[in-house]
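Report on one structure; see the data block that follows.
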Amino acid sequence: MQMTTTYSSMVSVLKQILPSRVRERRFWRRCLAACPDFKMSDLNRAAAEFLRSQSAEGLRSLTPRPQAAKAVKTIAASKFLDVDHWLRINLVRAAALGLNRKTAKRVLDLGAGPGWFLAVCRFYSHEVQGFDLPYCEICPEDSAVYVELNRALRVAPDIHRGRITAFSPVEIDGEFDVITAFLICFNNLKSKGTWQAAEWRFFLEDIKRHLRPRGILRLQFNPDEQRFPRYLFFDAETRELFRQHGSLSQDTFTLST
Ligand SMILES: C[S@@+](CC[C@H](N)C(=O)[O-])C[C@H]1O[C@@H](n2cnc3c(N)ncnc32)[C@H](O)[C@@H]1O
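Right, here's the structure in full:
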């Protein structure tokens, strides 16, 4: 605990003294480490192409919310209105899964939220489907952002509405080449009943039924330092479960069929 505190205070001091451009470059270099064939120049080119394409037309009519720009750290959905940041994050997510190559795949994104990942995958010619809570089950400020971004990114009709619940099959049909879930909250994050090994085991067995041969499942977890001070994302038993089923690297789990 002592070490964690010392480390995080060192990180916050470093953040204050490093110029923002240096911090930004370090941040993107760290993100791009996950995709060796996709360099900073590729990311810049892909972002510019996306913004020139039809996929970005709706973004020009987004309601300006000055507070939201650069609010990347907040837990509120308004952070997703920072177009440049979230476009790039999702281009990197796609590249890390090889989805920047134009071989059409079927992609399912669980907890699709704003729809950035779906829009980027469609930009790369993939067939996309999302899954997220009904808008009425999301707090009004967040759902207003999701409604607006889903429309602007033209993915609203592709996001099936339902709730992922412990020990229940996810209500989706069909098989996919790639199934993703980024910044996961459906595990009752930071609330009573946070998923543990039994819930995740059920989820993995269920979701694997929707993966085509040579398919990939990619999960990216949100940290819960209070509950899991040691492994940040889950307890030791859950960590072991993920290790048995696939590969685990920091906040990311990957399973291939
Ligand atoms: C932090 S956001 C992440 C959005 C997106 N995956 C991304 O990283 O850009 C979490 C998303 O999970 C959705 N969500 C939370 N609980 C859920 C549940 N039980 N079933 C389905 N979706 C859920 C929320 O509505 C929200 O869109």
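Read in order, the letters of the sequence shown are residues 0 to 256 in numbering that gives the first Met the number 0.
We put the CB at the ideal spot given by N, CA and C, even for glycine.
Note that the structure is a prediction, hence the values are computed from the model and not measured.
Heavy atom of ligand 1 within 7 Å of residue i beta-carbon
| i | result |
| --- | --- |
| P222 | no |
| F130 | yes |
| F116 | yes |
| P168 | no |
| F201 | no |
| G112 | yes |
| F37 | no |
| I163 | yes |
| C135 | no |
| L182 | yes |
| F252 | no |
| F232 | no |
| F122 | no |
| F26 | no |
| F227 | no |
| F185 | yes |
Run of the beta strand (DSSP E) containing residue i, from where it starts to where it stops
| i | result |
| --- | --- |
| P212 | 210-220 |
| Q128 | 126-131 |
| V154 | Here V154 belongs to no beta strand (DSSP E), and DSSP marks it neither H nor E. |
| F116 | Segment 115-122 is the alpha helix (DSSP H) holding F116; no beta strand (DSSP E) there. |
| S246 | 246-248 |
| A79 | It should be pointed out that residue 79 corresponds to Phe in this sequence rather than to Ala. Looking at the DSSP string, F79 is not in any beta strand (DSSP E), and its letter there is neither H nor E. |
| T253 | 251-255 |
Inter-residue Cα distance where the pair is residue i and residue j
| i | j | result |
| --- | --- | --- |
| W85 | W115 | 7 Å |
| W199 | D223 | 16 Å |
| A93 | A45 | 11 Å |
| D41 | K191 | 42 Å |
| F252 | F241 | 7 Å |
| I206 | Q15 | 42 Å |
| K104 | P113 | 21 Å |
| K101 | C120 | 10 Å |
| I88 | C138 | 24 Å |
| R24 | S167 | 42 Å |
| M0 | L231 | Here M0 scores only 45 on pLDDT, less than 50, and its place in the model is too uncertain to base an answer on. |
| A118 | L31 | 20 Å |
| R29 | P35 | 11 Å |
| F227 | R213 | 33 Å |
| D157 | I171 | 12 Å |
| F220 | D250 | 5 Å |
| R51 | A95 | 23 Å |
| F79 | L90 | 14 Å |
| D176 | D81 | 29 Å |
| V146 | G161 | 15 Å |
| H209 | L216 | 10 Å |
| R22 | P133 | 37 Å |
| S255 | K38 | 25 Å |
| F49 | N43 | 10 Å |
Limits of the alpha helix (DSSP H) - the one that residue i falls within
| i | result |
| --- | --- |
| L86 | 82-95 |
| I206 | 196-207 |
| F166 | No alpha helix (DSSP H) contains F166, which DSSP labels as neither H nor E. |
| D41 | 39-51 |
| R105 | No alpha helix (DSSP H) contains R105, which is instead part of the beta strand (DSSP E) from 105-109. |
| T179 | Counting along the chain, T179 falls outside any alpha helix (DSSP H), though it belongs to the beta strand (DSSP E) covering 175-183. |
| F227 | Run containing F227: none; DSSP gives neither H nor E here. |
| L257 | Residue 257 is absent from the model: the chain starts at 0 and stops at 256. |
Own chain, CB closer than 6 Å to residue i, minus 5 neighbours either side, in chain order
| i | result |
| --- | --- |
| L203 | H244 |
| S246 | T253 |
| D108 | F116, L117, G129, T179 |
| K264 | Any property of residue 264 remains undetermined from this structure, which presents the chain solely from 0 to 256. |
| S54 | A118, F122 |
Other residues of its chain near residue i: CB distance less than 8 Å, five sequence neighbours each side excluded
| i | result |
| --- | --- |
| G110 | F130, D131, I163, A180, F181, L182, I183, C184, F185 |
| A151 | G57, L58, S60, L61 |
Residues near residue i by beta carbon distance below 7 Å, same chain, minus five either side
| i | result |
| --- | --- |
| R26 | One point to set straight first is that residue 26 is Phe, not Arg, in the sequence displayed. Excluding sequence neighbours, F26 sits near nothing in its chain. |
| A155 | N149 |
> Would you call the region 123-140 and the region 55-64 touching, i.e. three or more CB-CB distances under 8 Å?
Replying inline: no
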